[in-house]
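J.: Here the numbering used here is used: position 94 in the sequence shown is 94, and no number is missing along the way. Glycine residues also receive a C-beta, built at the ideal position from the N, C-alpha and C atoms. Fair warning: this is a prediction, and the values are worked out from it, not measured in the lab.
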Amino acid sequence: MGHSAAVWDHRASLELTKDWNGIEQVVLRNPQGASARVSLHGGQVISWRNDRGEELLFTSSKAILKAPKAMRGGISICFPQFGNCGSLEQHGFARSKIWTIEDDPPPLHPNDSLGKSFIDLLLKPAEEDLKCWPHGFEFRLRVSLASDGNLIMISRIRNINGKTL
């Protein structure tokens with residue numbers, strides 16, 4: 001299996017789809033049949049299935065899958081705050097924003113990509129975000145599905161205006 005993992009093309013294992021609201025989603029698959037579904041609404045992993053097709057994440061039947069509301073369930077991105085401890089909406093604004101797919105992300109360690117199906121997402125602040133949280137940032141998120149079915153998420157946040165976050 002080591003050889004097949006070495007030649008595994010992560011782009012061939014991606015499928016771009018849209019949900020019933022027209023919001024883009026990315027489906028990652030590995031050769032064994034495991035999958036993960038990532039919504040660009042919130043950069044949220046909303047499904048993770050093992051090689052037997054069993055769902056490993058909870059998503060509420062009451063979930064509202066329509067921007068600008070954040071989704072309930074799955075794996076949410078809480079940024080720039082967790083809970084309601086600050087002045088922003090609960091868990092911050094990242095989970096209610098539309099993320100973009102980053103085609104040429106800054107490099108990660110080669111082991112973070114080898115033999116994995118992955119997608120790189122990017123969130124930058126909109127003008128309305130800067131009004132309520134005046135900090136320039138780039139939030140990069142890599143979601144990977146390994147050949148053994150493990151789900152890996154790597155967050156990188158870059159301060160782009162020099163002010164303390």
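(1) Helix, strand or coil for Lys131, going by three-state DSSP, please let me know.
(2) In or out: Pro134 buried (at least 16 other Cβ within 10 Å) or exposed?
(3) Evaluate contact between the segment 23 to 38 and the segment 153 to 160, counting only Cβ atoms and requiring at least three cross-stretch pairs below 8 angstroms.
(4) Given the structure, does Ser47 come close to the ligand ATP, in the sense that its CB is under 7 angstroms from one of the ligand's heavy atoms?
(5) Looking at Glu102: is its Cβ nearer than 8 angstroms to the Cβ of Leu121?
(6) List the endpoints of the continuous beta strand (DSSP E) containing Met71.
(7) Can the beta-carbon of Ile119 be found closer than 8 angstroms to that of Leu57?
(8) Which residue marks the beginning of the beta strand (DSSP E) containing Phe118, and which one marks its end?
(9) Of the residues Leu145, Gln44, Glu127 and Glu15, which one's Cα is nearest the Cα of Thr59?
(10) Roughly how many angstroms separate the alpha carbons of Gly53 and Lys116, rounded to a whole number?
(11) When DSSP labels each residue in this structure, what does Arg95 get in the three-state scheme?
(12) In the DSSP assignment, what are the bridge partners of Thr59?
(13) Gly22: which of Ile77, Ser13 and Ile98 sits nearest, CA to CA?
(14) Comparing C-alpha positions only, which one of Ile75, Pro105, Arg49 and Cys132 sits nearest to Ala146?
(15) Using C-beta distances below 7 angstroms, list every residue in its chain close to Leu123, excluding the 5 sequence neighbours before and after it, in chain order.
(16) Does the Cβ of Asn30 have 16 or more other Cβ atoms within 10 Å, making it buried, or fewer, making it exposed?
(17) Drop a sphere of 10 angstroms on the beta-carbon of Val7, count the other beta-carbons inside from all chains shown, and report buried for 16 or more, exposed for fewer.
(18) Measure the alpha-carbon distance for Cys132 versus Trp20 and round it to whole angstroms.
T.: According to the structure data:
(1) helix
(2) exposed
(3) no
(4) The ligand ATP is absent from the structure shown, which contains no ligands of any kind.
(5) yes
(6) No beta strand (DSSP E) holds Met71; DSSP gives it neither H nor E.
(7) no
(8) Ser117 to Leu123
(9) Gln44
(10) 18 angstroms
(11) helix
(12) Gly73
(13) Ile98
(14) Arg49
(15) Gly43, Ala94, Lys97, Trp99 and Phe139
(16) buried
(17) For Val7, the predicted structure reports a pLDDT of 45, less than 50, and the residue's modelled location is therefore unreliable. A value from the coordinates is still provided. It counts as exposed.
(18) 31 angstroms
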